[in-house]
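Undergrad:
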Amino acid sequence: MALTLEDIKRVANLAQIEISDDEAYSTLNSITGIFSLIEQMKAVDTSIVAPMYHAQGVDQRLRSDKVTEEDQRELFQLQAPKTEAGLYLVPKVIE
Numbered sequence: 001m002a003l004t005l006e007d008i009k010r011v012a013n014l015a016q017i018e019i020s021d022d023e024a025y026s027t028l029n030s031i032t033g034i035f036s037l038i039e040q041m042k043a044v045d046t047s048i049v050a051p052m053y054h055a056q057g058v059d060q061r062l063r064s065d066k067v068t069e070e071d072q073r074e075l076f077q078l079q080a081p082k083t084e085a086g087l088y089l090v091p092k093v094i095e
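Residues in the sequence shown are numbered consecutively from 1, following our numbering.
1. Inspect the CB distances between the stretch 27–39 and the stretch 47–67 and report whether three or more fall short of 8 Å.
2. For Leu62, name the three-state secondary structure that DSSP assigns.
3. Since I believe Ala24 is in contact with Lys42 (beta carbons under 8 Å), could you give me their beta-carbon distance rounded to a whole number of angstroms?
4. Need the endpoints of the alpha helix (DSSP H) that Lys92 sits in, please.
5. Can you give me the C-alpha to C-alpha distance between Arg63 and Tyr88, rounded to a whole angstrom?
6. Less than 8 Å between C-beta atoms, sequence neighbours within five positions excluded: which residues of the same chain meet that for Thr4?
7. Which same chain residues, not among the five before or five after Ile19, have their C-beta less than 8 Å away from its C-beta?
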């Protein structure tokens with residue numbers, strides 16, 4: 001995808017950014033470099049590479065999934081102004 005100086009100025013205008021001709025030209029060169037790098041990366045054959053969830057292929061240590069705190073819902077609901085069937089009742093704020 002080739003961009004022009006007018007494209008950079010148009011995007012800057014849409015973003016409401018004031019940009020000089022020198023800044024627009026510098027930005028165009030930077031974006032063109034990024035697009036060139038993307039094209040190089042697309043050219044690499046990755047069909048034999050297995051997908052990874054981590055760059056180093058390490059496993060994350062997981063803690064055991066067990067309850068470590070006691071249930072205090074009734075104690076907490078005693079402090080609430082209104083409850084019903086284990087739920088907190090709050091005033092309606094949206095009609």
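Yeah, the Cβ is synthetic: ideal placement off N, Cα and C, and Gly gets one too.
TA: The answer reads as follows:
1. No, because fewer than three Cβ pairs between the stretch 27–39 and the stretch 47–67 fall closer than 8 Å, the two stretches do not touch.
2. Against the sequence shown, residue 62 aligns to sequence position 62. Coil.
3. Mapped onto the sequence shown, residue 42 falls at position 42. Mapped onto the sequence shown, residue 24 falls at position 24. That belief does not hold up - the Cβ atoms of Lys42 and Ala24 are roughly 27 Å apart, past 8 Å.
4. Numbered from 1 along the sequence shown, position 92 holds the residue referred to as residue 92. Element bounds for Lys92: n/a, residue is neither H nor E.
5. Here residue 63 refers to the residue found at position 63 of the sequence shown. Here residue 88 refers to the residue found at position 88 of the sequence shown. Answer to the nearest angstrom: the Cα atoms are 31 Å apart.
6. Position 4 of the sequence shown, counting from 1, holds the residue named residue 4. In the same chain as Thr4, and ignoring 5 residues on each side of it, the C-beta atoms closer than 8 Å to its own belong to Leu28, in chain order.
7. Residue numbering aside, residue 19 sits at position 19 when the sequence shown is read from its first letter. Correct list, in chain order: Ile8, Lys9, Ala12, Thr27.
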